Amino acid sequence: MTGSLPIAAQVDLRRQPVEDVLARVEQALHVRLDRHALVRKRRSLGSRTEQGTWVRIERRGFERIGPQGWNGTEAAAVLQGVTMPEWYQGVAWRERGEPVMWRADELELMTSPSVGRSALVLDDPGLPDAWWEALNGSLDALAAQRTPRLATPDTVTITQEQVTQTLAEAFPGLADTEIERWAPAHADLTWANVMGPEFSIIDWEDWGMAPRGLDAATLWGNALAVPTLADRVRQERRADLESRDGKLMSLFFLSKIVGSSSYEGDPLLAPARSEAERLVGELQPTPGR
3 MTGSLPIAAQ
13 VDLRRQPVED
23 VLARVEQALH
33 VRLDRHALVR
43 KRRSLGSRTE
53 QGTWVRIERR
63 GFERIGPQGW
73 NGTEAAAVLQ
83 GVTMPEWYQG
93 VAWRERGEPV
103 MWRADELELM
113 TSPSVGRSAL
123 VLDDPGLPDA
133 WWEALNGSLD
143 ALAAQRTPRL
153 ATPDTVTITQ
163 EQVTQTLAEA
173 FPGLADTEIE
183 RWAPAHADLT
193 WANVMGPEFS
203 IIDWEDWGMA
213 PRGLDAATLW
223 GNALAVPTLA
233 DRVRQERRAD
243 LESRDGKLMS
253 LFFLSKIVGS
263 SSYEGDPLLA
273 PARSEAERLV
283 GELQPTPGR
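For the sequence shown, the residue numbers in our numbering are 3 to 291.
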């Protein structure tokens with residue numbers, strides 16, 4: 003994104019009046035939203051409909067929308083072999099007088115809840131083997147496909163320059179941070195975006211090409227407070243996480259935990275520091291070679 007774009011005012015949808023937005027979505031998509039079960043997050047809303055579907059609504063500033071547009075959920079509908087909600091229809095509009103876009107997508111309603119109430123988990127969810135088989139099948143199928151889209155984790159387009167800068171700031175001892183392989187990724191594979199015990203992956207607005215291992219590293223990193231779960235992720239996604247790119251992506255994730263914005267109350271901090279030390283050591287060239 004260029005620096006000339008105006009910056010949208012920050013709005014927290016958990017506290018902002020949203021009735022006008024809900025009414026507009028209902029009229030555009032010809033649905034009735036369940037106000038009593040409305041899920042409100044900082045920049046998104048979600049609700050069941052009377053038709054037994056799910057509608058996700060998001061507000062995003064122009065500075066967070068790249069040239070590829072902002073239709074990731076719709077674009078993901080063509081992916082083959084990935085377990086996700088079926089996409090039915092969508093609508094987007096500009097907030098009048100503001101550098102802000104709104105988007106609403108109507109999707110299949112998943113019967114299982116999110117594995118985690120937030121990005122990370124603090125207890126082992128006890129997922130069945132079939133769940134892990136479905137995870138592996140979906141991530142392998144996703145990585146085998148091709149797309150002109152670029153992933154936007156945390157709504158920021160991921161690039162080699164960004165990876166290099168992020169890792170240099172957090173781990174200045176790393177000599178080589180060049181990514182060797184890029185592949186399609188969900189780009190926000192947290193425990194809040196995977197359902198269980200019946201597996202599926204939700205929230206595809208930021209998917210696209212990314213360094214190999216980004217998704218595995220994100221899921222693994224958000225499980226570090228539960229060692230048995232983190233170990234299971236490493237076991238299941240070993241090929242990704244033990245690759246050089248996967249190690250770099252693991253450090254890319256860990257940089258958010260152990261970097262300048264770290265805080266001592268974070269349940270991920272202690273294991274993240276230990277894992278970061280291990281990974282940096284593994285990526286350093288052997289002396290004399």
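Where a beta carbon is used, it is the ideal one built from N, C-alpha and C, also for glycine. From a predicted model like this one, the values you see are computed outputs, not experimental measurements.
Item	Value
Per-residue DSSP class, three states only, for L81	coil
Burial state of D331 (16 or more Cβ within 10 Å)	Given that the chain is displayed from residue 3 to residue 291, the structure contains no residue 331 and the question cannot be resolved.
Alpha-carbon to alpha-carbon, V27 and M197	25 angstroms
Exposure of N138, with buried meaning 16 or more beta-carbon neighbours within 10 Å	exposed
Assigned secondary structure, E60 (DSSP; H/G/I helix, E/B strand, else coil)	strand
Length of the line joining the Cα atoms of G63 and D125	35 angstroms
Reference G223; option with closest CA among L250, L15, L109 and P199	L250
Buried versus exposed call for A11 [16 or more other C-beta atoms within 10 Å across all chains shown]	exposed
V93: first and last residue of the uninterrupted alpha helix (DSSP H) it sits in	Run containing V93: none in the alpha helix (DSSP H); it sits in the beta strand (DSSP E), W89 to R96.
Alpha helix (DSSP H) segment containing G248, residue limits	R246 to V260
CA nearest to the CA of W193, picked from D178, L221 and L169	L221
Buried or exposed by the 16-neighbour rule on C-beta atoms within 10 Å, applied to D205	buried
Environment of V2 [buried if 16+ CB atoms lie within 10 Å]	Past the boundaries of the shown model lies residue 2; the chain is included only from 3 to 291, so the question cannot be answered.
Delimiting residues of the alpha helix (DSSP H) encompassing V108	According to the sequence displayed, residue 108 carries Glu and not Val. Note, E108: premise wrong, no alpha helix (DSSP H); beta strand (DSSP E) at V102 to E110.
Contacting residues, own chain, Cβ-Cβ under 7 angstroms from M3 (five flanking each side not counted)	Unreliable placement is indicated for M3, whose pLDDT of 40 sits below 50; the coordinate value is still reported in the next sentence. Once the five neighbours on either side are set aside, the close Cβ partners of M3 are E65 and G68.
Segment contact flag, the segment 16-33 with the segment 109-124, C-beta cutoff 8 angstroms, min 3 pairs	no
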